[in-house]
Each structure stands twice: as structure tokens, then as C-alpha cells.
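Chemist:
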Amino acid sequence: MRLLNAATRCLEEFVGDDIPRYAILSHTWGPNELTFDNLVRSEPVPSNAKIDGCCRRVLSRNLGYVWIDTICINKNSSAELSEAINSMFEWYRASAVCYAYLSDVSSLPDLDGKPPGYAYFVNKKSEFCRSRWFTRGWTLQELLAPETVQFYDADWKYISKNSWFYAAVAQITGVPRLVLQGETRLEDVCIAARMAWAANRRTTRKEDIAYCLMGIFGVNMAMLYGEGDRAFTRLQEEIIRKSDDESIFAWGFGSTGETSSASTQFLASSPADFEGCEGIWKGVDKPEPEGSVTNRSYWERELTPHYSLTNKGLLIKRRLLALLNFENSRGPPETCARVGTRSATLGTAWRNPSLPDTPEVPVYGQRVPG
1 MRLLNAATRC LEEFVGDDIP RYAILSHTWG PNELTFDNLV RSEPVPSNAK IDGCCRRVLS
61 RNLGYVWIDT ICINKNSSAE LSEAINSMFE WYRASAVCYA YLSDVSSLPD LDGKPPGYAY
121 FVNKKSEFCR SRWFTRGWTL QELLAPETVQ FYDADWKYIS KNSWFYAAVA QITGVPRLVL
181 QGETRLEDVC IAARMAWAAN RRTTRKEDIA YCLMGIFGVN MAMLYGEGDR AFTRLQEEII
241 RKSDDESIFA WGFGSTGETS SASTQFLASS PADFEGCEGI WKGVDKPEPE GSVTNRSYWE
301 RELTPHYSLT NKGLLIKRRL LALLNFENSR GPPETCARVG TRSATLGTAW RNPSLPDTPE
361 VPVYGQRVPG
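Residue numbers for the sequence shown follow the UniProt record's numbering, so the first one is 1 and each next one is one higher.
(1) Roughly how many angstroms separate the alpha carbons of N5 and M88, rounded to a whole number?
(2) Look up Q171 in the DSSP assignment and say whether it is helix, strand or coil.
(3) Three or more beta-carbon pairs under 8 Å between the region 195-204 and the region 130-141, yes or no?
(4) Where does R202 fall in DSSP's three states?
(5) Would you check if there are 3 or more beta carbon pairs closer than 8 Å linking the region 33-42 to the region 146-159?
(6) Please list, in chain order, all residues of the same chain as L267 whose beta carbon is under 7 Å from its beta carbon, the five residues on each side excluded.
(7) Can you list, in chain order, the residues of its chain with a C-beta nearer than 7 Å to that of I172? Leave out the 5 residues immediately preceding and following it.
(8) Among E275, E278, E238, whose alpha-carbon lies nearest the alpha-carbon of L314?
(9) Classify W197 as buried or exposed, calling it buried when 16 or more other Cβ atoms lie within 10 Å of its own Cβ.
(10) Between the C-alpha atoms of N220 and E80, what's the straight-line distance to the nearest angstrom?
(11) Would you mind stating whether A94 and Q150 have Cβ atoms separated by less than 8 Å?
(12) When DSSP labels each residue in this structure, what does Q265 get in the three-state scheme?
(13) Can you give the Cα-Cα distance for T28 and E142, rounded to whole angstroms?
(14) Would you decide whether W164 is buried or exposed? Buried here means 16 or more other CB atoms lie within 10 Å of its CB.
(15) How big is the Cα-Cα spacing for L25 and S308?
(16) So, helix, strand or coil for L34, using DSSP?
(17) Per DSSP, Q150 forms a beta bridge with which residues?
(18) Using 10 angstroms around the beta-carbon of S77, count the other beta-carbons present and answer buried if the total reaches 16, otherwise exposed.
(19) Taking A272 as the reference, give the member of G215, M195, Y211, R205 with the closest Cα.
(20) What first and last residue would you give for the beta strand (DSSP E) that runs through R230?
(21) So who's on the other strand from S26, going by DSSP bridges?
(22) Got a sec, what are the start and stop residues for the beta strand (DSSP E) R213 sits in?
(23) Alpha carbon to alpha carbon, how far is I85 from M1?
(24) Within 10 Å of its beta-carbon, does L224 have 16 or more other beta-carbons around it, so buried, or fewer, so exposed?
(25) Just to confirm the assignment, what range does the alpha helix (DSSP H) spanning L4 have?
(26) Taking DSSP as the reference, what is the three-state secondary structure of V58?
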């Protein structure tokens, strides 16, 4: 790991666990960004408003080092770039503090002699709410991974210390306040909801919309720039190999609750397909007696979905529940699938004598409000 010494302004390399405490910078790239290519080995980093302010903050916090992606990664080395991208979430998580630098936010307005409140920050016309930082793919993990994130404006002034500030950031990003404050673990939020947080974010390179989400889902992938949309498919495949959270298939419904014009495939084409899925949450444990059908261990043992990727595609095994009394069987075709089976293979306990030998069982998957 390469770090910038905030005092000497020189880059230093650390290997293994011998890494000092460090701050980390979260920012968006500008037109005249100082990069690793601009640096001369063993010489101090040239003066730069962004880096100067960052180093001052680091030293004021009694930290000696800071990690800044633009100057700490040699992007000419594909191996180093791949390692950095796969490690980035953990680097942000391990930082002592993350400085979120909003270069397009000037000094905050003075409202009747008082600093702006919650209403200003969530106002879609305010500089803060319109900052590019909230629209970029990479900054999502930079918001979620660190234990402490501090926001600064273009002049490196601390934006807010108020308790409601988390609520304002939650309103802008769609990430629940409890997640931002660390009271809810990222792993306890279902896959669809985490994907939804990235639905309106963008990256310069098409592949990066997948690569920037790897750490949020705890997976690693090889960097294959040039693969285009295939990168997001690979991301979902890696998630499926690691998780049995079937909310990864709960995409294709916009915020209006209507199906999108997405294809018939099981996997989404981009995080945008998960827009409107923020409200999907994992079930909450309830203290039920052992043996009860409402006991969580029963459902995990008997009904937890099992699916895997095979050379033929996606293999999903589900239980078949007989529909003995089913009203409105003529459901809209776009919201149901018909599963053909032979009643004789179901056993007497499950057989419905009124069903033909080869019934078609409508399985509805239409999204409902709430």
C-alpha cells in the first residue's frame, strides 16, 4: 500500500500488516487532477489546493499519512490497479477517518445569522445536494466503508457537526441513516436494496459501475476493461456464488412499481434496474417455539432457496405449494409463470384430485405496494 506522508509530502510504500494509521480522501476527479504520473520519485508532491488542505487536516488530527487514489495508485500497472480496486473497500474501512471533499460546494450560506439546517441540505437546488460527489459510483463505497466520514467544502471548511446531518445525507443518497451511523451492518441489508443505492450513480468507464460495487457485496473479480456490460453480469454471478439472498432477482420495477422494459433474463443489466428496491429488507427474527412453521430456523432449513450457476445457466430449486383454492387464476401474463408438473409425482399428501394429471400452476411475482 502506497501512502502520502503528510509532513514530507513524499510517497512511501508499506507491505503486509506494517501499515501506520492513516486518513483517506474521498473526492471526484477534476480537469487538472494531479496524478501518480505527474510525480517525480522521491520528491515532494507539488502544491495543490486539494492535497494541501487534506494534508493540513491529517496533521491536525495527529495522523502522519493519507491515501489519495489519484497519486497513490500507478494506473500504468494493470496488476497494481487490479489489486488496488479489489482492496479499496477494505482500505477505506481500515482508515482512521475519511475526508469527503466536495470541490463544487462553496462556503455555506449564512441564513439570518445562523448556519443552514436540514432543509437547506436536502433542497435539490442547494450546492450540497447537487454536488457531483453524490452522483458518482466510486463515492458510494467511500461513504459506506469508513467508520468516520467528515464532509468538507471547496475551502476545506467542515460542513456540519449537527446530529441531523446523517438524516440529510440519508435523504440524498437513499442509504438509511442507521446504516450510515453504523447501527445497521451493511451485510444485514439485502442485495436489492444495496444495488438500489447505486441506481442513479455513474462512472466514466462502463465496467467501473460493477467494479466500484465489489466491496459493498464482499466479492472480488479480475479487472477486464473492455468487457462492457459483461462486468455487471460477472458481479452478480460472483454475488450468487457467495450469497443465497434471492433479492438479487428482485429488479425490473421502477419507482412507480411498474415493470421496466428490461429483458427476460434473470440477471439485471445495470444497477439502474434496481431503482425502487430501497424498501426491500431482510426478515426480522421473531422468538417462536422450535418446530413452529414461523420459526426462522424452520424456514432457513426447509424453504431457503438454493440456486447456482451451471454451464446451462441459472439453476433454482423451489418448493411447490399446491393451490387448492385459487381465485383470479387468469392473472396478467407479464406477472406470472406457469410451472408444469405431474400430480402423480407429488404424493398423496400433496395431490389435489381436482387437478388434471399435468396441471399448470400459476406462480405470481407481481410487486405490490409496501
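Built from N, CA and C at the ideal position, the CB exists for glycine as well.
Modeler: Reading it off the structure:
(1) For the purposes of this step, residue 5 is identified with residue 5 of the sequence shown, where counting begins at 1. For the purposes of this step, residue 88 is identified with residue 88 of the sequence shown, where counting begins at 1. The C-alpha of M88 is placed about 19 Å away from the C-alpha of N5.
(2) Your numbering for residue 171 matches position 171 in the sequence shown. In the structure shown, Q171 sits in a helix (DSSP, three-state: H, G or I).
(3) They touch, by the three-pair rule.
(4) Counting from one through the sequence shown, the residue named residue 202 turns up at place 202. Secondary structure of R202 (DSSP, three-state): strand.
(5) With the rule of 3 Cβ pairs closer than 8 Å, the region 33-42 does not count as touching the region 146-159.
(6) As a first step, residue 267 is located in the sequence shown; it is residue number 267 there, counting from the start. Same-chain partners within the cutoff: T233, Q236.
(7) If you number the sequence shown from 1, residue 172 lands on position 172. The residues are V122, C129, F134.
(8) For this step, residue 314 is matched to residue 314 along the sequence shown. The option with the nearest alpha carbon to L314 is E238.
(9) Walking along the sequence shown from the start, residue 197 turns up at place 197. W197 comes out buried.
(10) As a position in the sequence shown, residue 220 is number 220, starting the count at 1. As a position in the sequence shown, residue 80 is number 80, starting the count at 1. Pairing N220 with E80, the inter-Cα distance amounts to about 15 Å.
(11) Residue mapping note: residue 94 aligns to position 94 of the sequence shown, counting from 1. Residue mapping note: residue 150 aligns to position 150 of the sequence shown, counting from 1. Not in contact: A94 and Q150 (Cβ atoms no closer than 8 Å).
(12) On the sequence shown, position 265 is the one that residue 265 refers to. Three-state result, Q265: coil.
(13) Residue mapping note: residue 28 aligns to position 28 of the sequence shown, counting from 1. Residue mapping note: residue 142 aligns to position 142 of the sequence shown, counting from 1. Taking the straight line joining both Cα atoms gives about 11 Å.
(14) To locate residue 164, count along the sequence shown from 1; it is residue 164. Using a 10 angstroms sphere on the CB of W164, the tally of other CB atoms stays under 16, which defines it as exposed.
(15) In the sequence shown, residue 25 corresponds to position 25, counting from 1. In the sequence shown, residue 308 corresponds to position 308, counting from 1. Near 38 Å, if we compare the C-alpha coordinates of S308 and L25.
(16) In the sequence shown, residue 34 corresponds to position 34, counting from 1. For L34, the secondary structure class from DSSP, reduced to helix, strand or coil, is coil.
(17) Here residue 150 refers to the residue found at position 150 when the sequence shown is read from its first residue. Y99, per the DSSP bridge assignment.
(18) On the sequence shown, position 77 is the one that residue 77 refers to. S77 comes out exposed.
(19) Here the question's residue 272 lines up with position 272 in the sequence shown. The residue from G215, M195, Y211, R205 with its alpha-carbon nearest to that of A272 is M195.
(20) For this step, residue 230 is matched to residue 230 along the sequence shown. Looking at the DSSP string, R230 is not in any beta strand (DSSP E); the run it does join, the alpha helix (DSSP H), is 230-242.
(21) As a first step, residue 26 must be located in the sequence shown, where it is residue number 26. Looking at the DSSP assignment, S26 forms a beta bridge with A100.
(22) Within the sequence shown, residue 213 is the residue found at index 213, counting from 1. Per the sequence shown, residue 213 should be read as Leu rather than Arg. Per DSSP, L213 belongs to no beta strand (DSSP E) and is neither H nor E.
(23) Within the sequence shown, numbered from 1, the residue matching residue 85 stands at position 85. Within the sequence shown, numbered from 1, the residue matching residue 1 stands at position 1. C-alpha separation (whole angstroms): 12 Å.
(24) The sequence position of residue 224 within the sequence shown is 224, counting from 1. Exposed: under 16 other Cβ atoms inside 10 Å.
(25) Taking the sequence shown and counting its residues from 1, one reaches residue 4 at position 4. Membership of L4 in any alpha helix (DSSP H) is not indicated; the residue belongs instead to the beta strand (DSSP E) covering 2-5.
(26) Translated into the one-based positions of the sequence shown, residue 58 becomes position 58. It is helical.
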